[in-house]
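Written below as structure tokens is the structure these notes are about.
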Amino acid sequence: MKTFQSDIVIIGSGLAALYTAAKLMKEKRVIVLTKREWQASNSFLAQGGIAAAYAPDDDWHRQLEDALRAGRYHNDVDETAYLARESKVQVDELIRLGMKFDRDRNGTILLAREGGHSAARVLHAHGDATGRELTTFVKRYVEQQVVIHEQTQVVELMVRNGRCVGALAKDPSGETVLYRAQNIVLATGGCGQLYAPTSADPAVTGDGLALAYRAGATLKDMEFVQFHPTLLIENNHAYGLVSEAVRGEGAKLIDQDGNRLLAGKHPLEDLAPRDVVSRILFKAQKTGQVKKVYLDISMIDHFSDHFPTITGLCREAGVDIAKGRIPVAPGAHFLMGGIETDHEGRTTLPGLYAVGECACTGVHGANRIASHSLLEAITYAGTAASSIMNETAVPVEDSAVEPGIKPVPALPAKKEIQKMMFAHVGIWRTKQSLTTALDWCRSWKIDFNRSERLDGTKDELERLNMLTVAWLIATSALERTESRGGHTRIDYPEEIEAWRTKNILREVTPVEQN
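Residues 1209 to 1722, numbered by the working numbering, are exactly what the sequence shown covers, in order.
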């Protein structure tokens, strides 16, 4: 078997992955693995910016309170405070490295207001293309010192004597290859593609979550899935996200007759937290109160200059922005839960780190506030890299490894998984809907309660990961008998104080490689 050896192997190629590599590359040999081209990540698609208390009349305490309120106080308060306190420090570091954020003609950084925030504190780059600009900037920064293997899909994490020591992967030709390292860093993003519609890149299928779970790492808060209220949807097809920054500029959510849908429903109205807006829109359509939802953008001058990415999506969808309306609906966007990590990004499995959306740091609580995902990525890339740098090097074993020998059983198509998840584990959930979803997951003869070493094609293993994560979300959602943030139980519609600080954990005993 072909073998690669490195100090660090990072799985994923979004902002968290690349920024972790940037922090490590001067002292460590780093290989980045990504299952498609490096741009295939939610970071690259991100239209929102980075929230930071930059304005003279703003401060990180206000940012903290906004994040806690949006997260329905399920957040880890210490970590959320650290994120808010670090926000300006992190932005200043990016600027020092050469990152260009949008400024006015006097050179002052432009700050926008987005959902859940009580002040204008979101920095953007090239309007609504912040994610693309930032990930491209970091990619250029690391590309001379970091090796990136594209079209390389990790299929299993190697565990020896209770420590993660490497990864098995399928190379571009489909052959199994081995990567050995002192540390593995998962930066694989969330699991948006378990649902349709979704804003997620097609590559975001929950791979890192499933890999970590099967390797024995603990997952946390998997029931908390965020549905963004404004995906551009036309003719039942999702073309992408319509950023909250549009509503920050004054756009309003209306029905087909022009009636406002958020007026009087929340103190922040159209800029209410995402979970609130999504539930209101979903209920209005589900109950037949409205036939179609639109964003009224008629009050925004020079829309295409401010939002070039969204303008391009509208053009692709055949939507004429000159008419002042964009058709929207809620869709899966972000996972607040994930692989349990500490402040330094360490998982419960020694040798394995996690950063970005696949990690659960606790900073988002039950519902992520706008423009804290890119901020979390760069902040915890730094803490993880510092921890790795301070670790005592562990000798990498050189013993033989064989790929899984049991073939993957028959699996559902991706569209079947997406349809099942949105219908039964989506914005509205009940005991009956969740039980239906779990019975369906189990019908595919996968034993989710024990780790098995399986082998198959890239597509088969991807669908296995999707089904595994679907089961993890549904079991956690069934266990949490309350409604909070991104988790809404129609049969338990209220927040219950006893649940506020409780975390649902999921773990399995792994099968070690022989």
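The C-beta atom is built at its ideal place from N, Cα and C for all residues, glycine as well.
query	result
Just to confirm, is the Cβ distance from Val-1609 to Leu-1376 under 8 Å?	yes
Which whole runs of the beta strand (DSSP E) in the stretch 1469-1505 are 3 residues long or more, in chain order?	1501-1504
Taking three-plus beta-carbon pairs below 8 Å as touching, is the stretch 1247-1265 in contact with the stretch 1330-1341?	yes
Please classify Pro-1264: is it buried, with 16 or more other beta-carbons within 10 angstroms of its beta-carbon, or exposed?	exposed
On the CB-based measure, 16 or more other CB atoms within 10 Å of its CB, does Gly-1374 come out buried or exposed?	buried
Would you tell me roughly how many angstroms separate the C-alpha atoms of Asn-1444 and Val-1602, rounded to the nearest one?	52 Å
Any chance you could list the alpha helix (DSSP H) runs of at least 4 consecutive residues sitting entirely within the stretch 1398-1448, in chain order?	1415-1423
Which two residues bound the contiguous alpha helix (DSSP H) that contains Arg-1277?	1268-1278
By how many angstroms is the C-alpha of Ala-1446 removed from the C-alpha of Phe-1515?	18 Å
Closer than 8 Å is the cut-off here; do at least three beta carbon pairs connect the stretch 1649-1657 with the stretch 1666-1679?	yes
Here's the rule: buried if 16 or more other CB atoms are within 10 angstroms of the residue's CB, otherwise exposed. What is Asn-1391?	buried
Skipping 5 residues on each side, what residues in its chain have a beta carbon closer than 8 Å to that of Ala-1621?	Arg-1671
Under a Cβ-count criterion, where at least 16 other Cβ atoms within 10 Å of its own Cβ denotes burial, should Asn-1722 be classed as buried or exposed?	Low local confidence applies: a pLDDT of 49 at Asn-1722 is under 50, so the model's placement there is unreliable, and no value is given.
Compute the Euclidean distance between the alpha carbons of Ala-1540 and Gln-1247, then round it to the nearest angstrom.	20 Å
Counting pairs of Cβ atoms below 8 Å between the stretch 1588-1602 and the stretch 1222-1230, do you hit three or more?	yes
Please report the residue range of the beta strand (DSSP E) in which Ile-1529 lies.	Per DSSP, Ile-1529 belongs to no beta strand (DSSP E) and is neither H nor E.
Say yes only if the C-beta of Ile-1258 is nearer than 7 Å to one or more non-hydrogen atoms of the ligand MG, and no if none qualify.	The ligand MG is absent from the structure shown, which contains no ligand whatsoever.
Using only alpha-carbon positions, find the residue among Arg-1280, Arg-1293, Gly-1257 that is nearest to Leu-1272.	Arg-1293
Going by the CB atoms, is the gap between Phe-1490 and Gly-1694 shorter than 8 Å?	no
Using CA coordinates, which residue listed in Val-1563, Gly-1414, Thr-1587 is at the minimum distance from Gln-1626?	Gly-1414
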